[in-house]
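In the UniProt record's numbering, the protein residues as written are 1 to 424. Glycine residues also receive a C-beta, built at the ideal position from the N, C-alpha and C atoms. Given the structure is predicted, the values throughout are model-derived calculations rather than measurements.
In structure tokens:
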């Protein structure tokens, strides 16, 4: 062990030395069983010797006798490690120990620091991102993750041990955090990435992601958009694997509150098991609001009693309360005559004639143009890659001879059993 520690200290100063050290640590794994790992970690500097420290701490995580000591060491490492050397070997184990000790909040800041250090830019996704979001979810520190998940991702750091599951998990957890913050449109955007991602095998992430995506679509749009023809067949399998949700979607489309309540009650146990019952109840409320919005397109003036009967609400008082909330949220434009119990709808609304409209539109145009430039760069990079050219050649050959299959790893979506431990 002394020889290995000396090797780590000697080779941690240069890029060439780090490459040799990484080869050595991957090849010679006798140190993993050494009883002197703690002494070695005490000797090394977590900042100056981050690469070697990572491997030794990863080995130590497999034989933990003192969880508190390990979490202290891991926490110090995350906060002080060298950005050029740090890896993600121990992030998952650190989070698991924090959860086992009922202190997931302890993992939030260290994992956030690690994610910010290891990424190459604000547009880069690393494996630590998903662990950080898990910590935020389990500790209900949703706002701590908001700054990170609001940043657009254009690059995946595969060289830093990212796997397809890391990518799917990140967007799934981002969607859950947005749901917790009631930012439903952003949650939809995050979950949609899971739905449209290419895949060869159906994964638990896709199934659970589709369930939440479908319910959110009802809340935001009043319907679930049809699956694009270019989407993976796995989304069709995900839909078939969730018949209760399909029944709920069908009932929602009939605009009959009683029938929607009936389906929700019938499958309440399943929805609760999936941790989606809260979204189901919000879907029911959304149907009332959308029914009122449809009424604004038909009527200019209506009594609260008539509106209550039209949308199946329990009387004028509940109707008035809902109308007031919708006016406050900007969902409709209307005035209530309390004396006559009448409501008048304004069909013109607020329009887009304010002084800020021009700058808002210009800002969005500039953002779209920026996205277009980045997509073109990514497209050119992929088109010139040897992996893409090789796959293209295989497909072309498959048209005339034996078909060329895309293996699960190359398609980017091979998935092993995905624990639901962090989905509550």
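**Item:** Delimiting residues of the alpha helix (DSSP H) encompassing residue 302
**Value:** Residue 302 sits at position 302 when you count from the first residue of the chain shown. Looking at the DSSP string, residue 302 is not in any alpha helix (DSSP H); the run it does join, the beta strand (DSSP E), is 301-303.
**Message:** Does residue 4 come out as helix, strand or coil in the three-state DSSP assignment?
**Reply:** By 1-based counting over the chain shown, the position of residue 4 is 4. Helix, per DSSP.
**Item:** Reduced DSSP secondary structure (H/G/I, E/B, other) of residue 125
**Value:** For the purposes of this step, residue 125 is taken as the residue at position 125 of the chain shown. Strand at residue 125.
**Message:** residue 115 and residue 129 - do their beta-carbons sit closer together than 7 Å?
**Reply:** As a working mapping, residue 129 is identified with position 129 in the chain shown. As a working mapping, residue 115 is identified with position 115 in the chain shown. Contact: yes.
**Cβ pair residue 139, residue 164 closer than 7 Å** = Taking the first residue of the chain shown as 1, we reach residue 139 at position 139. Taking the first residue of the chain shown as 1, we reach residue 164 at position 164. Result no, Cβ atoms of residue 139 and residue 164 do not sit closer than 7 Å.
**Prompt:** What first and last residue would you give for the beta strand (DSSP E) that runs through residue 345?
**Reply:** Along the chain shown, one-based indexing puts residue 345 at 345. Residue 345 -> beta strand (DSSP E) spans 342-345.
**Item:** Buried or exposed (CB count within 10 angstroms, at least 16 for buried), residue 388
**Value:** The residue you call residue 388 lines up with position 388 of the chain shown. Counting every other CB atom within 10 Å of its CB across the protein chains shown gives residue 388 a total below 16, marking it as exposed.
**Item:** residue 305 versus 22, 318, 297, residue with shortest Cα-Cα distance
**Value:** In the chain shown, residue 305 corresponds to position 305, counting from 1. Of 22, 318, 297, the residue nearest in Cα terms is 318.
**Message:** Mapping the DSSP letters down to three states, classify residue 306 as helix, strand or coil.
**Reply:** The residue labelled residue 306 in the question sits at position 306 within the chain shown. Three-state result, residue 306: helix.
**Request:** Tell me the start and end of each unbroken alpha helix (DSSP H) in the stretch 87-120 that is at least 4 residues and wholly inside, in chain order.
**Result:** DSSP runs (the alpha helix (DSSP H)) wholly in the stretch 87-120: 91-100, 108-118.
**Request:** Ignore the nearest five residues each way along the sequence and tell me which others in residue 409's own chain have a CB closer than 7 Å to its CB.
**Result:** Counting from 1 along the chain shown, the entry for residue 409 is found at position 409. In this prediction, residue 409 scores a pLDDT of 35, lower than 50, which makes its location untrustworthy; the coordinate-derived value is nonetheless stated afterwards. Cβ neighbours of residue 409 within its own chain (closer than 7 Å, five residues either side excluded): none.
**Prompt:** From the DSSP output, which residues share a beta bridge with residue 156?
**Reply:** Position 156 of the chain shown holds residue 156. In the DSSP output, where bridge partners are listed per residue, residue 156 has 125.
**Touch test, the stretch 324-338 against the stretch 269-286, Cβ-Cβ under 8 Å, three pairs minimum** = The stretch 269-286 and the stretch 324-338 do not touch, with fewer than three beta-carbon pairs separated by less than 8 Å.
**Prompt:** What does a CB cutoff of less than 7 Å around residue 5 pick up in its chain, not counting 5 residues either side in sequence?
**Reply:** The count along the chain shown starts at 1 and reaches residue 5 at position 5. Excluding five sequence positions before and after residue 5, the CB atoms of its chain that fall closer than 7 Å to its own CB belong to 40, 43, 44, given in chain order.
**Prompt:** Would you report the Cα separation of residue 38 and residue 48, rounded to the nearest angstrom?
**Reply:** Locating residue 38 in the chain shown gives position 38, counting from the first residue. Locating residue 48 in the chain shown gives position 48, counting from the first residue. Between the alpha carbons of residue 38 and residue 48 lies a gap of roughly 17 Å.
**Request:** Label residue 485 either buried or exposed according to how many other C-beta atoms from any shown protein chain fall within 10 Å of its C-beta, with 16 as the threshold for buried.
**Result:** No answer is possible for residue 485: it lies beyond the span of the chain, which begins at 1 and ends at 424.
**Message:** So the candidates are 372, 150, 301, 36; which of them puts its Cα closest to the Cα of residue 3?
**Reply:** Numbered from its first residue, the chain shown carries residue 3 at position 3. Taking only the C-alpha atoms, the option nearest residue 3 is 36.
**Asked** How would you call residue 112, buried or exposed, if buried means at least 16 neighbouring beta carbons within 10 angstroms?
**Response** Stepping through the chain shown from its first residue, residue 112 is reached at position 112. It is buried - the Cβ of residue 112 has at least 16 other Cβ atoms within 10 Å.
**Message:** I need the DSSP call for residue 336, collapsed to helix, strand or coil.
**Reply:** Within the chain shown, the letter at position 336 stands for residue 336. Strand at residue 336.
**For residue 435, three-class secondary structure by DSSP** = Not covered by the structure: residue 435. The range shown for the chain is 1 to 424.
**Asked** Comparing alpha-carbon positions, which option in 82, 75, 80 lies nearest residue 92?
**Response** The residue labelled residue 92 in the question sits at position 92 within the chain shown. Of the residues 82, 75, 80, the one whose Cα lies closest to the Cα of residue 92 is 75.
**Prompt:** Hey, quick one: how far does the alpha helix (DSSP H) through residue 283 stretch, first residue to last?
**Reply:** The residue given as residue 283 occupies position 283 in the chain shown. Boundaries of the alpha helix (DSSP H) harbouring residue 283: 277-296, taken from the DSSP string.
**Collapsed DSSP secondary structure at residue 26 in the structure displayed** = As a working note, residue 26 is residue 26 in the chain shown. Residue 26 sits in a helix when the DSSP states are folded into three classes.
**Message:** Measuring alpha carbon to alpha carbon, tell me which residue in 195, 69, 170 is nearest residue 426.
**Reply:** This structure gives no information on residue 426, because the portion of the chain shown stretches from 1 to 424.
**Request:** Below 7 Å CB to CB, which residues in the same chain sit around residue 66 once its five sequence neighbours on both sides are set aside?
**Result:** Residue mapping note: residue 66 aligns to position 66 of the chain shown, counting from 1. If we look at residue 66 and ignore the five residues flanking it on each side, it has no Cβ neighbours.
**Prompt:** Over what stretch of residues does the alpha helix (DSSP H) that includes residue 82 continue unbroken?
**Reply:** For the purposes of this step, residue 82 is taken as the residue at position 82 of the chain shown. That residue, residue 82, is in no alpha helix (DSSP H); it is neither H nor E in DSSP.
**Reduced DSSP category for residue 241 - H, G, I as helix; E, B as strand; rest coil** = Mapped onto the chain shown, residue 241 falls at position 241. Coil.
**Item:** Exposure label - residue 167; buried when at least 16 CB within 10 Å
**Value:** Reading the chain shown from its first residue, position 167 is the one you call residue 167. Counting every other CB atom within 10 Å of its CB across the protein chains shown gives residue 167 a total of 16 or more, marking it as buried.
**Request:** Could you tell me if residue 292 is buried or exposed, where buried requires 16 or more neighbouring beta carbons within 10 angstroms of its beta carbon?
**Result:** By one-based count along the chain shown, residue 292 stands at place 292. That one is buried.
**Prompt:** Just to confirm, are residue 135 and residue 174 a CB contact at a threshold of 7 Å?
**Reply:** Here residue 135 refers to the residue found at position 135 when the chain shown is read from its first residue. Here residue 174 refers to the residue found at position 174 when the chain shown is read from its first residue. Taking a C-beta distance under 7 Å as the contact criterion, residue 135 and residue 174 do not qualify as a contact pair.
**Request:** Report all residues from its chain with a CB closer than 8 Å to the CB of residue 261; omit the five preceding and five following residues, and keep chain order.
**Result:** In the chain shown, counting from the first residue as 1, residue 261 sits at position 261. Short of 8 Å from the beta carbon of residue 261, and not among the five residues preceding or following it, lie these beta carbons of its own chain, in chain order: 284.
**Asked** Is residue 18 helix, strand or coil when you go by DSSP?
**Response** Taking the chain shown and counting its residues from 1, one reaches residue 18 at position 18. In the displayed model, residue 18 falls within a helix according to three-state DSSP.
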